[in-house]
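The sequence shown begins at 4 in the working numbering and counts up one residue at a time. Where is the CB? At the ideal position from N, CA and C, for every residue including glycine. Bear in mind that the values here come from a model prediction, so they are computed numbers and not experimental data. The next block holds one structure in the form of C-alpha cells; read it before the comments.
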Amino acid sequence: MKALILSLVLLTAITSACNVAPYNWPDNGKRVEVQPIDLTRITVKEEFRYSPTFTSYVLPTGDYLPARSDAGGTYYESPRGILVLPTTGGFVVNGGIYRRNDPNANYPFAIYVNMPATGWSLVDLHSLWGLDLNQKIVCTPPASFK
4 MKALILSLVL LTAITSACNV APYNWPDNGK RVEVQPIDLT RITVKEEFRY
54 SPTFTSYVLP TGDYLPARSD AGGTYYESPR GILVLPTTGG FVVNGGIYRR
104 NDPNANYPFA IYVNMPATGW SLVDLHSLWG LDLNQKIVCT PPASFK
C-alpha cells in the first residue's frame with residue numbers, strides 16, 4: 004500500500020512539473036482574419052495554461068471572435084491559435100473556445116482544436132485547482148465558469 008501511495012505522489016509531482024514547464028509561442032501562431040457572425044465576444048484577459056490531462060493547452064490573450072455556430076453552440080476563434088503542449092514539444096493549431104447554447108450544461112465552455120492526426124475535438128473548459136477562469140476570461144453576453 005505504501006508503494007502505491009508513493010507511486011501516486013511521484014506521478015503527481017512529475018505531471019505537475021510538466022504542466023509548469025516554460026513554453027514559447029512559435030512565430031506562426033497568427034490566425035487568418037475572422038468575419039464575426041454576431042456581436043458577442045469572449046475575451047481572455049491574461050494568457051493561461053489549461054492542463055486537464057497530460058496535454059496542456061495555452062490560450063493567448065485577446066478577443067475570441069464568433070466565427071461559426073452549430074445547433075449546439077458558437078465557436079469563438081482564438082487570435083493566435085491554441086498552443087498544444089503534450090508531455091514533450093509543443094505546436095500551434097487552429098482553435099478557440101466553444102460556448103454551448105445550453106447554460107445548464109455541466110460545462111458550458113470547451114476548448115476546440117484541430118489536431119493534425121485526429122482532426123477537430125473539444126476539451127471541456129472549467130476552473131481547475133489554482134486556475135480560476137472567472138479571473139482570466141470575460142464573456143459578452145456575461146457568463147461564469149464552474
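Report yes if the C-beta distance between residue i and residue j is below 8 Å; otherwise report no.
i    : j    : result
P63  : V47  : yes
I85  : V61  : yes
I114 : S72  : no
P82  : G65  : yes
P55  : L136 : no
E80  : V141 : no
For residue i and residue j, what's the separation of their Cα atoms in angstroms?
i    : j    : result
L53  : S59  : The residue you asked about is not Leu; residue 53 is Tyr in the sequence shown. Going by the C-alpha atoms only, they are around 6 Å apart.
M118 : F57  : 15 Å
N104 : S147 : 14 Å
P106 : E50  : 25 Å
N109 : L134 : 18 Å
S19  : K139 : Any reading at S19 must be qualified, since the residue scores a pLDDT of 40, below 50, and its modelled position is unreliable; the value itself is stated next. The alpha-carbon atoms of S19 and K139 are separated by roughly 21 Å.
R102 : G75  : 8 Å
Y67  : T43  : 9 Å
T143 : V87  : 26 Å
V116 : T77  : 14 Å
T121 : V95  : 15 Å
P111 : I45  : 13 Å
K5   : K149 : Caution applies to K5, whose pLDDT of 48 falls short of 50 and renders its modelled position unreliable; the model cannot decide the point.
Could you pull the DSSP bridge partners for residue i from this structure?
i    : result
P69  : Y79
F51  : L62
I40  : Answer is none; I40 lacks a bridge partner.
L134 : L131
| query | So, do the stretch 124-133 and the stretch 89-96 have three or more beta carbon pairs nearer to each other than 8 Å? | reply | The stretch 124-133 is not in contact with the stretch 89-96.
| task | List in chain order: all unbroken beta strand (DSSP E) runs of 3+ residues lying wholly within the stretch 91-131. | result | For the stretch 91-131, whole beta strand (DSSP E) runs of length 3 or above, ordered along the chain, are 94-96, 98-103, 112-118, 122-127.
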